[in-house]
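For reference, the structure discussed in these notes is given below.
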Amino acid sequence: MNKNRTIYRSLTQLLAVAGCIACVGCWGKAPPPSTSAIAAGLATIDGQPITGGMITLVSAENPRKRATGILRPDGTFRLAGSPIGESYVIIDTTSVQMGDPSAYMPLPRKYSRLETTDVTVELQPGENTDVAIRCESL
Numbered sequence: 004m005n006k007n008r009t010i011y012r013s014l015t016q017l018l019a020v021a022g023c024i025a026c027v028g029c030w031g032k033a034p035p036p037s038t039s040a041i042a043a044g045l046a047t048i049d050g051q052p053i054t055g056g057m058i059t060l061v062s063a064e065n066p067r068k069r070a071t072g073i074l075r076p077d078g079t080f081r082l083a084g085s086p087i088g089e090s091y092v093i094i095d096t097t098s099v100q101m102g103d104p105s106a107y108m109p110l111p112r113k114y115s116r117l118e119t120t121d122v123t124v125e126l127q128p129g130e131n132t133d134v135a136i137r138c139e140s141l
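In structure tokens:
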């Protein structure tokens with residue numbers, strides 16, 4: 004019985020020491036840098052809110068990094084997981100025609116394609132709450 008108690012005490016001490024070492028190791032390291040941002044703001048065309056559709060931010064550095072979300076009826080959006088740095092903005096309003104045709108707002112075709120859009124945003128790590136996306140009629 005004494006032998007079991009000694010083994011149990013040794014295991015307990017070993018686990019306590021291992022836990023302390025693990026905690027000390029964590030405290031000494033800086034947190035990893037953020038690899039994405041939150042983008043929130045307003046999308047407009049000629050100063051008027053874009054009343055619906057899909058918005059996508061595509062990293063200028065790496066086009067595989069992107070975030071997509073919905074434009075609300077008041078033109079606002081919020082995209083978690085957005086790429087940090089410069090991103091191209093793609094807006095497609097054609098999908099609105101299927102759900103609520105009265106809310107459809109046509110945009111020039113150039114805004115719906117990565118190859119032709121001329122709208123960009125610059126995002127910092129963390130929350131970017133005043134992102135203004137301004138489109139213009141042709």
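Numbers in our numbering are just positions in the sequence shown, counted from 1, shifted up by 3. A virtual CB, placed ideally from N, CA and C, is assigned to each residue, including glycine.
With a 10 Å radius around its C-beta and 16 neighbouring C-beta atoms as the bar for buried, classify L60 as buried or exposed. buried
Rounded distance between the beta-carbons of A40 and I87, thought under 8 Å: 5 Å
Run the CB neighbour count on T96, radius 10 Å, all protein chains shown included, and call it buried at 16 or more, exposed below. Around the beta carbon of T96, 16 or more other beta carbons lie within 10 angstroms, which makes this residue buried.
Could you work out which residue in M101, R137 and S105 is closest to P111 when comparing CA atoms only? R137
Comparing alpha-carbon positions, which option in S90, S105 and R81 lies nearest E118? S90
At a threshold of 7 Å, does S105 count as lining the ligand NAD (C-beta to nearest heavy atom)? Annotation note on the ligand NAD: not contained in the displayed structure, which lists no ligands.
Alpha carbons only, please: which of A42, S37 and Y114 is nearest the one belonging to N131? A42
In terms of residues, what are the limits of the beta strand (DSSP E) holding G72? R69 to L74
Cα-Cα separation, Q51 to P76: 11 Å
Report the rounded CA-to-CA distance for S115 versus S37, giving the unit in angstroms. 28 Å
Apart from the five residues on each side of it in sequence, which residues of its chain come closer than 8 Å, Cβ to Cβ, to V99? T54, G55, G56, A106, Y107 and M108
Evaluate S85 with the Cβ neighbour count: other Cβ atoms within 10 Å of its Cβ, from every protein chain shown; 16 or more gives buried, anything less gives exposed. buried
Where does M101 sit, in a helix, a strand or coil, going by DSSP? helix
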